[in-house]
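Please read the structure below before turning to the comments.
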Amino acid sequence: MSEETQKQAVQTTGHAWDGDLQEFNNPLPRWWLWGFYATVVFAVIYWVLYPAWPVGKGYTTGAFNDIEFTTADGREVVSHWNTRALFYKEMEEARTLQKPYLDQLKAASYREIAVDRDKSAFAYSMAKVLFADNCAACHQAGGAGIIGQYPNLADDSWLWGGTYARIEETIRKGRHGFMPDFADSLTPQQIDDVATYVLSLSGIEVDAEQAARGKAIFTGPEGGCFACHTREGTGMAALGSANLTDSIWTIADVNGAEDLAGKKAAVRAVIANGVKREMPAWENRLNDTEIRILTFYVHQLGGGQ
Amino acid sequence: MKHESIETNSGLLIVLTLIVISIGGLVEIVPLYFIDDTVETVKVDGVDTIRPYTPLELRGRDIYQREGCYTCHSQMIRPFRDEALRYGHYSLAAESQFDHPFQWGSKRTGPDLARVGGKYSNDWHVRHLVAPRSMVPESIMPNYPWLLDTPLRYKDIENRMRALKMVGVPYSETEAEYNANVERFGKEVADMLDINYATENLVKQAQTGNYDLDNTDITEMDALVAYLQVLGTMVDFKQFDEGYFATFR
Chain A
1188 MSEETQKQAV QTTGHAWDGD LQEFNNPLPR WWLWGFYATV VFAVIYWVLY
1238 PAWPVGKGYT TGAFNDIEFT TADGREVVSH WNTRALFYKE MEEARTLQKP
1288 YLDQLKAASY REIAVDRDKS AFAYSMAKVL FADNCAACHQ AGGAGIIGQY
1338 PNLADDSWLW GGTYARIEET IRKGRHGFMP DFADSLTPQQ IDDVATYVLS
1388 LSGIEVDAEQ AARGKAIFTG PEGGCFACHT REGTGMAALG SANLTDSIWT
1438 IADVNGAEDL AGKKAAVRAV IANGVKREMP AWENRLNDTE IRILTFYVHQ
1488 LGGGQ
Chain B
8 MKHESIETNS GLLIVLTLIV ISIGGLVEIV PLYFIDDTVE TVKVDGVDTI
58 RPYTPLELRG RDIYQREGCY TCHSQMIRPF RDEALRYGHY SLAAESQFDH
108 PFQWGSKRTG PDLARVGGKY SNDWHVRHLV APRSMVPESI MPNYPWLLDT
158 PLRYKDIENR MRALKMVGVP YSETEAEYNA NVERFGKEVA DMLDINYATE
208 NLVKQAQTGN YDLDNTDITE MDALVAYLQV LGTMVDFKQF DEGYFATFR
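So the protein sequences, as listed, match chains A and B. If you're matching positions, the first sequence starts at 1188 in the numbering used here and goes up one per residue. If you're matching positions, the second sequence starts at 8 in the numbering used here and goes up one per residue.
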């Protein structure tokens, strides 16, 4: 009986399929209906506050919802609500928080940063992130580089100079490392002689007679190696020419070679093929403070000069 | 149309459903084509600095797509502080105006590449593409050694440019189109966009650019590195006030 009453209370849509298949026409639940009205009200409020409707070649930009921010160069800007203005606001807030620290770093000399624990701790933690994002792809996470390809920043040998000023210049402007190839201008025997001499500079035991022949080529017009590496083989930071006397090998993997023949072959390959390396310039990618912080970090990585 | 006739006719029901659903998409997308601010104005000294790709870069982009780089790398830096700190200035709509299809994305298995241009040396890119783990030990990127050995196919470069021209990329073929490009991008760029000199320009750029560190041949590596090195480099943001690009949104 109760089923009968229900059927009578609810109306049907009025159409029937397959003879007797009918459809109830129940009213929408109250909670659902009011929920629907609420979304309509929300939409209208949203249209007023946020960019919403296209109008001709523009659009409604929203009202009562402006975003105010101060740019890095100190201009006050008021913008209608949009995600880019929100971004500048976000940047401004972070800038304000970091400002006291960054101002200190800006005003202090590198030496002052190094001896002040607060300053160096701040610079160090900021630099680690910068280094990971920008430098580690070549110089590797710890700054140890890749032998033969990218210089080790964690040792005490600096191709382009290890003073703060030189490191900053390197980061700012980038570097082009270049050594000509001698495969055509020297005979294989001569190259072998020079390689022998170069190994002897770092105290590796070699045939003295052959090293003397190599020295003649190194310091003479035939090889002309001294023009960049100096007569003593100590290199010149101004040219980025390597110091050959310090047992630190950045391109020829001498320390990785097992025997003298292997060491010689490594050096011979560099002399024969030359060197062409490039570090990109960062002055357009990083700001002055970031470059300063990175300079400080790289300098202390290798115990700079 | 009666309710009953729609409900009893599934073909009609499908068509009408599709129409109703597509309205939702159309009202969101279509107005963007008519709003002036959708694509930002990026002019320095009256010249558009964002230009279509040169023939070599274009072939590089083709290879980028062929190898499926986009499945792991997006080219869209969003306006968030963390993204700006890691990748650089947020991407502009204008920067992908000549991309067909665009390379935006929200899934990053690898880092975003929207501003990778100039960040690393050519040398690094070559080594990294051949064997990523030799440069980045923790990388999970596959090796792409064949790029260095495969000669670049570019005899169809003119047709590739013509195809893009059909969808609105301003490569020039006639004198008038060339002059319009000179006006818009400056002469140097307009020369590179001339379809009549596409092969010549491609070969010249590959040989002078030294992208794969070997000038004796033009490989797919030349093209891909040329493309990677131009990504995100066309706008000099120092020329614009901070906040300028917010006025377009």
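A virtual CB, placed ideally from N, CA and C, is assigned to each residue, including glycine.
A:E1392 and B:K114 have their alpha carbons spaced roughly 56 Å apart. Here DSSP, grouped into helix, strand and coil, assigns A:H1363 to strand. Between A:G1335 and A:D1440 the beta-carbon gap is near 6 Å, inside 8 Å, which marks them as a contact. In the three-state reduction of the DSSP assignment, A:L1208 falls in the strand class, which pools E and B. Here DSSP, grouped into helix, strand and coil, assigns B:G124 to coil.
With respect to B:G216, B:A233 sits close: the two C-beta atoms are nearer than 9 Å. In this model, A:A1239 and A:V1264 are separated by some 22 Å (Cα to Cα).
For A:D1380, the three-state secondary structure derived from DSSP is helix.
Pairwise C-beta distances place the region 226-243 of chain B out of contact with the region 1235-1253 of chain A, as fewer than three of them are shorter than 8 Å. When Cβ-Cβ separations below 9 Å define contact, B:L220 makes contact with chain A. For a cut-off of 8 Å, the C-beta gap from A:Y1311 to A:T1482 is around 12 Å, too long to register as a contact. Close to A:V1462, with beta-carbon spacing below 8 Å, lies no residue of chain B; the smallest spacing is near 11 Å. In the structure shown, B:T48 adopts coil according to DSSP, grouped into three states. Counted as a single uninterrupted DSSP element, the beta strand (DSSP E) harbouring A:K1463 occupies residues 1462-1466. Contact annotation: A:A1459 and A:A1370 have beta-carbon atoms nearer than 9 Å. Contact residues of the region 145-156 of chain B toward chain A are E145 (C-beta to C-beta distance below 9 Å). Below the 7 Å Cβ cutoff, chain A contributes D1320 as neighbours of B:R93, in chain order.
Burial is judged here by how many other beta carbons sit within 10 angstroms of a residue's own beta carbon; A:W1218 has fewer than 16 and is exposed. If you check each beta-carbon in the region 1259-1275 of chain A against every beta-carbon of chain B, the ones closer than 9 Å belong to A1259, D1260, R1262, V1264, S1266, H1267, N1269, T1270, R1271, A1272, L1273, F1274, Y1275.
In this model, B:S98 and B:R58 are separated by some 15 Å (Cα to Cα). For B:L25, the number of other beta carbons within 10 angstroms of its own is below 16, and it is reported as exposed. Setting aside the 5 residues that flank it on each side, A:T1357 is surrounded in the same chain by W1347, each with a C-beta closer than 6 Å to its C-beta; the list follows chain order.
Chain A has no Cβ within less than 9 Å of the Cβ of B:S17.
A:M1278 belongs to the set of residues whose beta carbon lies under 9 Å from a beta carbon in chain B. Bounds of the alpha helix (DSSP H) holding B:T206 are 205-216.
DSSP links A:G1245 through a beta bridge to A:V1242. Interface criterion met: the Cβ of B:I42 is under 9 Å from a Cβ in chain A. Against chain A, the beta carbon of B:V143 has neighbours under 7 Å at A1324, listed in chain order.
DSSP, reduced to helix, strand and coil, places A:Y1337 within a strand of the structure shown. A:M1466 reaches chain B at S128, counting residues in chain order whose Cβ is nearer than 8 Å.
No residue range can be given for B:T223, since it is assigned to no beta strand (DSSP E) and is classified by DSSP as neither H nor E.
When the alpha-carbon of B:V37 is set against those of A:Y1246, A:G1222, A:L1208, A:Q1285, the nearest one is in A:Y1246.
B:P158 sits in a strand when the DSSP states are folded into three classes. With a beta-carbon spacing of about 4 Å, B:G124 and B:T240 fall inside the 8 Å limit used to define contacts.
Interface annotation, A:R1472: in contact with chain B, CB-CB separation under 9 Å. With three or more CB-CB distances shorter than 8 Å, the region 1317-1330 of chain A counts as touching the region 1470-1481 of chain A.
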